[in-house]
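Undergrad: Basically the numbering used here = 1-based index in the sequence shown + 4.
Ideal Cβ placement from N, Cα and C applies to all residues, glycine included.
Model, not experiment: these values are computed from the prediction.
I am attaching a structure below and will ask some questions about it afterwards.
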Amino acid sequence: MLIKKTKSLCPTCGNVLDADVVEEEGKVWLVRTCPDHGTYRALYWSDAEMYRRFDAFECIGEGISNPHTIVSPAGCPNDCGICPNHRSTTLLANIDLTNRCNLSCDFCFANARACGYVYEPTFDQVVDMMRMLRAEKPVPAPAIQFSGGEPTLRDDLPELIEKAKELGLYQVQIATNGIRIAQQPGYIAELKEAGLSTVYLHFDGVTRETNSKLASDQRAIANCEESGMGVVLVPTVINGRNDHEVGAIIKYAVEHIKTVRGVNFQPVAFTGAASEDDVKKERITIPELADRIEEQTDGI
5 MLIKKTKSLC PTCGNVLDAD VVEEEGKVWL VRTCPDHGTY RALYWSDAEM
55 YRRFDAFECI GEGISNPHTI VSPAGCPNDC GICPNHRSTT LLANIDLTNR
105 CNLSCDFCFA NARACGYVYE PTFDQVVDMM RMLRAEKPVP APAIQFSGGE
155 PTLRDDLPEL IEKAKELGLY QVQIATNGIR IAQQPGYIAE LKEAGLSTVY
205 LHFDGVTRET NSKLASDQRA IANCEESGMG VVLVPTVING RNDHEVGAII
255 KYAVEHIKTV RGVNFQPVAF TGAASEDDVK KERITIPELA DRIEEQTDGI
């Protein structure tokens with residue numbers, strides 16, 4: 005049954021295609037056909053009823069009246085920037101400060117180390133990005149997250165955080181693996197003094213089998229607690245790897261509620277370093293994740 009029509013991309017050539025969102029046997033699929041590479045079907049939601057409940061919350065806004073967009077002949081999504089098809093304002097902007105990283109996770113969304121060169125905007129370039137975000141109309145961007153790569157590899161991170169607060173960004177976050185926070189006890193206090201609001205900590209499990217840097221994560225959380233810095237745990241959930249620990253992660257967060265403000269589960273995204281074989285065996289959908297959380301927390 006056809007639910008709606010949309011646009012998608014050919015996974016082989018990247019061309020923009022017409023696509024159908026369809027329901028079949030209680031699941032929602034995205035179907036598109038490329039004239040050169042054939043028809044592709046991708047599981048969108050594994051629970052059609054839940055999809056409809058979530059879809060009811062769709063809200064179309066006014067968009068941004070002064071976008072800084074470099075228009076390409078191919079149009080969206082090949083344009084660089086926010087085109088008129090984007091109908092919401094910026095709530096949380098992500099700025100990649102570097103593609104350098106001190107880990108090499110095989111499921112990395114950014115595949116940050118694969119490009120073969122260092123991408124690292126200068127301090128002034130990052131400030132220009134933040135000024136552009138604050139100049140958006142009708143609503144200036146209110147919040148920012150510095151990510152990467154690993155943002156703490158930049159020694160000017162405290163100054164960038166301080167500048168973000170100076171420009172009026174009231175919520176300033178970093179998405180980090182926490183290694184530097186764990187190794188330098190005074191570092192997180194320095195970031196807090198600069199104006200950091202929240203640490204988004206990559207945290208994949210509560211055992212060494214699911215989280216090879218568990219000891220480092222625990223030290224990072226302890227250092228954040230000592231400095232009064234709030235932490236959000238960010239597990240990348242992968243079927244067959246750590247999906248059996250989602251309940252335990254929530255319980256860990258509750259046990260450390262003085263510092264841990266929440267858990268942001270992220271089902272693994274098959275871009276970057278992921279392969280086609282990974283997709284087949286490690287994909288987990290939002291309904292499947294919700295089921296595992298319910299099962300592993302006794303329905304809490």
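At which residues does the alpha helix (DSSP H) containing Leu293 begin and terminate?
TA: On the sequence shown, residue 293 is found 289 positions in, with the first residue counted as 1. Element bounds for Leu293: Ile290 to Gln300.
Undergrad: Relative to the C-alpha of Cys17, which candidate in Arg296, Met5, Ser92 and Pro39 has its C-alpha closest?
TA: Position 13 of the sequence shown, counting from 1, holds the residue named residue 17. Looking at the Cα atoms, Pro39 is the closest of the given residues.
Undergrad: Going straight from the alpha carbon of Leu205 to that of Asp221, what length do you get?
TA: Numbered from its first residue, the sequence shown carries residue 205 at position 201. Numbered from its first residue, the sequence shown carries residue 221 at position 217. Straight-line Cα distance between these residues: approximately 8 Å.
Undergrad: DSSP state of Gly266, grouped into three classes?
TA: Sequence index remark: in the sequence shown, residue 266 carries index 262 (1-based). Three-state result, Gly266: strand.
Undergrad: Note down, one range per segment and in chain order, each beta strand (DSSP E) of at least 3 residues found wholly within the region 135–183.
TA: For the region 135–183, whole beta strand (DSSP E) runs of length 3 or above, ordered along the chain, are 147–151 and 175–180.
Undergrad: May I have the straight-line CA-CA distance separating Arg212 from Leu237, to the nearest angstrom?
TA: Position 208 of the sequence shown, counting from 1, holds the residue named residue 212. Position 233 of the sequence shown, counting from 1, holds the residue named residue 237. Answer to the nearest angstrom: the Cα atoms are 16 Å apart.
Undergrad: Round the Cβ separation of Cys14 and His41 to the nearest angstrom and send it over; I've been treating them as touching at under 8 Å.
TA: Position 10 of the sequence shown, counted from the start, is the residue given in the question as residue 14. Position 37 of the sequence shown, counted from the start, is the residue given in the question as residue 41. So it is a contact: roughly 6 Å between Cβ atoms.
Undergrad: Pop quiz: Lys262 and Ser231 are said to be a contact at Cβ under 8 Å. What is the actual Cβ separation, rounded to whole angstroms?
TA: On the sequence shown, position 258 is the one that residue 262 refers to. On the sequence shown, position 227 is the one that residue 231 refers to. About 12 Å; that fails the 8 Å criterion.
Undergrad: Given this structure, state the Cα-to-Cα distance separating Leu21 from Ala186, to the nearest angstrom.
TA: Taking the first residue of the sequence shown as 1, we reach residue 21 at position 17. Taking the first residue of the sequence shown as 1, we reach residue 186 at position 182. If you take the alpha carbons of Leu21 and Ala186, they lie about 46 Å apart.
Undergrad: Note down, one range per segment and in chain order, each beta strand (DSSP E) of at least 3 residues found wholly within the region 69–129.
TA: Whole beta strand (DSSP E) segments, 3+ residues: 96–100.
Undergrad: Give a yes or no on whether the C-beta atoms belonging to Arg104 and Leu164 are separated by under 8 Å.
TA: As a first step, residue 104 must be located in the sequence shown, where it is residue number 100. As a first step, residue 164 must be located in the sequence shown, where it is residue number 160. Contact: no.
Undergrad: Considering only residues of the same chain and omitting the five flanking positions on each side of Gln70, which have a CB-CB separation below 6 Å?
TA: The count along the sequence shown starts at 1 and reaches residue 70 at position 66. Here residue 70 is Asn; the residue named in the question, Gln, does not match the sequence. Within the same chain, Asn70 has close Cβ partners Lys141.
Undergrad: Bridge partners for Ala46 per DSSP, in chain order?
TA: Locating residue 46 in the sequence shown gives position 42, counting from the first residue. DSSP output for Ala46 lists Leu34 as bridge partner(s).
Undergrad: What is the DSSP secondary structure of Asp22, counted as helix, strand or coil?
TA: For this step, residue 22 is matched to residue 18 along the sequence shown. Residue state, collapsed to three classes: strand.
Undergrad: Which residue wins for smallest C-alpha separation from Ala97, given the options Cys80, Cys109, Val130 and Ile297?
TA: Locating residue 97 in the sequence shown gives position 93, where the first residue counts as 1. Nearest option by C-alpha distance: Val130.
Undergrad: Can you tell which of Val26, Gln188 and Val250 has its C-alpha closest to the C-alpha of Tyr44?
TA: Looking up residue 44 in the sequence shown gives position 40. Ranking Val26, Gln188 and Val250 by Cα distance to Tyr44 puts Val26 first.
Undergrad: If you draw a straight line from the alpha carbon of Val258 to that of Ile288, how long is it in whole angstroms?
TA: Here residue 258 is taken as the residue at index 254 of the sequence shown, counted from 1. Here residue 288 is taken as the residue at index 284 of the sequence shown, counted from 1. One C-alpha to the other measures close to 24 Å.
Undergrad: Using the three-state DSSP reduction, which class does Val210 fall into: helix, strand or coil?
TA: As a first step, residue 210 is located in the sequence shown; it is residue number 206 there, counting from the start. Correct three-state label for Val210: coil.
Undergrad: Hey, is Gln175 close to the ligand SAM, as in C-beta under 7 Å from one of its heavy atoms?
TA: No copy of the ligand SAM appears in this structure; indeed no ligand is present at all.
Undergrad: Sorted by chain position, which residues of the same chain lie with C-beta nearer than 7 Å to Glu29's C-beta, five sequence neighbours on each side aside?
TA: Taking the sequence shown and counting its residues from 1, the one referred to as residue 29 is at position 25. So no residue of the chain qualifies.
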